[in-house]
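Some notes on the structure that comes next.
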Amino acid sequence: MAKSKNHTAHNQSYKAHKNGIKKSKKHKYSSRKGMDPKFLRNQRYAKKHNRAGGADGASESGGDE
1 MAKSKNHTAH
11 NQSYKAHKNG
21 IKKSKKHKYS
31 SRKGMDPKFL
41 RNQRYAKKHN
51 RAGGADGASE
61 SGGDE
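The opening position of the sequence shown corresponds to residue 1 in full-length UniProt numbering, with each subsequent residue numbered one higher.
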């Protein structure tokens, strides 16, 4: 008895495009898993000091006005 075929790519492209090949959805916050911890730490400090601008914003300028 002849061996049967194990795999074929026939019709796979048609099936994939039937509903369209879509890009994955982009989320607002991507995962930070596997990123450089030194970079993430610095990013956290930068965000912290960037958002504290309201009341003590004048003291950062250094001028006495």
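Cβ coordinates follow ideal geometry from the N, Cα and C atoms, glycine included.
Looking at the secondary structure, which residues open and close the alpha helix (DSSP H) in which residue i lies?
i, result
"His10", "Run containing His10: none; DSSP gives neither H nor E here."
"Tyr45", "Pro37 to Arg51"
Would you kindly check if the distance between the Cβ of residue j and the Cβ of residue i is under 8 Å?
i, j, result
"Arg51", "Leu40", "no"
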